[in-house]
Amino acid sequence: MVGERPTVADVPRCDARSREHCSTGPVQRQPSLNAKERTTALFSKDIETLEDLYLHMVQDIYYAERQIEKSLPDMIEKARNPDLKKGFEGHLEETHGHVERLEEVFRRIGEEPKGTTCPAIDGIIKEANDVAGDIADQNVLDAALAAAAQAVEYYEMTRFGTLIAWSEELGRSECAGIFKKTLEEEKAADEKLTNVAEMRLNQAA
1 MVGERPTVAD
11 VPRCDARSRE
21 HCSTGPVQRQ
31 PSLNAKERTT
41 ALFSKDIETL
51 EDLYLHMVQD
61 IYYAERQIEK
71 SLPDMIEKAR
81 NPDLKKGFEG
91 HLEETHGHVE
101 RLEEVFRRIG
111 EEPKGTTCPA
121 IDGIIKEAND
131 VAGDIADQNV
141 LDAALAAAAQ
151 AVEYYEMTRF
161 GTLIAWSEEL
171 GRSECAGIFK
181 KTLEEEKAAD
191 EKLTNVAEMR
201 LNQAA
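Read in order, the letters of the sequence shown correspond to residues 1 to 205 in this note's numbering.
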């Protein structure tokens, strides 16, 4: 009847067999990515060889260390636990050295020191800032700062461990030695943070 609205039964349905030719138009299938395209999407740049990946990783951790260098002074200012504050101050000095060592690696591989944006470290730092901004209790804030610092340490240790392995595979033993020295310092910093958290921060919180 003119003027009547169609019922549900009157509306054409798209079953599994006819879905591609439904009245809404054919379904556009997304082409699958090959291995090279998946790698490019993951790292947001062209990477075809281990050399390319190695350089990208060095640039990644260089960016990360520079961001850590910028964020540590704020963490030092916010921390009230004397051991935690001292640990952050010591790690800031070490981080200056880590940046200088990475610049030495760049020189050894014939590249200009340059970072590539690292969403992982940016995310860790952003989360730490967001959480810290919501905490009024100083003991709880110190515990949160220590946890954020350890998250950063784990990221650094993973990256430097990978770079050691790749340096050795590429025959860059001197670069491997540089990364090993930094990795040992990262492990020591993480152990100090663990001791502070276990002995004082978690009890106070």
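Just so you know, even glycine gets a beta-carbon here, dropped at the ideal spot from N, CA and C.
Rounded to whole angstroms, how far is the Cβ of residue i from the Cβ of residue j, which I believe are closer than 8 Å?
i      : j      : result
Ala189 : Glu153 : 6 Å
Thr95  : Glu69  : 5 Å
Leu122 : Gln67  : Per the sequence presented here, residue 122 reads as Asp, with Leu not at that position. Between Gln67 and Asp122 the Cβ distance is about 7 Å, and since that is below 8 Å, they are a contact.
Gly87  : Val196 : 6 Å
Between the options, which has its C-alpha nearest residue i's C-alpha?
i      : options                        : result
Thr116 : Ile61, Cys175, Lys180          : Ile61
Ile125 : Leu50, Arg172, Tyr63           : Tyr63
Leu102 : Cys118, Ser173, Ile178, Lys86  : Ile178
Asp130 : Ala144, Cys118, Gly110         : Ala144
Glu112 : Glu104, Lys187, Gly133         : Glu104
Leu55  : Asp134, Glu198, Lys114, Gly171 : Lys114
Ile109 : Lys192, Leu170, Ala151         : Leu170
Lys85  : Leu141, Lys180, Lys187         : Leu141
Gly161 : Glu186, Ala148, Ala149, Ala146 : Glu186
Ala151 : Ile47, Ser167, Gly133, Ala120  : Ala120
Arg52  : Leu72, Ala148, Glu191, Leu163  : Before going further, note that residue 52 is Asp rather than Arg in the sequence given. The shortest Cα separation from Asp52 among Leu72, Ala148, Glu191, Leu163 belongs to Leu163.
Glu93  : Ser71, Asp134, Glu48           : Ser71
Glu191 : Ser167, Glu168, Gly133, Ala149 : Ala149
So, with DSSP's three-state summary, where would you put residue i?
i      : result
Pro119 : helix
Thr182 : helix
Ala151 : helix
Asn129 : helix
Gly161 : helix
Ala146 : helix
Thr171 : Before going on, a small fix: residue 171 reads as Gly here, not Thr. Coil, per DSSP.
Thr49  : coil
Arg107 : helix
Asp134 : coil
Pro113 : coil
Ala189 : helix
Arg80  : coil
Taking all protein chains shown into account, do 16 or more other C-beta atoms lie within 10 angstroms of the C-beta of residue i, making it buried, or fewer, making it exposed?
i      : result
Ser173 : exposed
Arg29  : Because Arg29 carries a pLDDT of 47, less than 50, the predicted location of this residue cannot be relied on, and no value is offered for it.
Thr182 : buried
Met199 : exposed
Glu156 : buried
Arg159 : buried
Ala165 : exposed
Glu65  : buried
Pro82  : exposed
Leu50  : exposed
Ala79  : buried
Ala136 : exposed
Under 8 Å between C-beta atoms, does residue i make it to chain C?
i      : result
Ala132 : Looking at the structure shown, chain C is missing, and only one protein chain is on hand.
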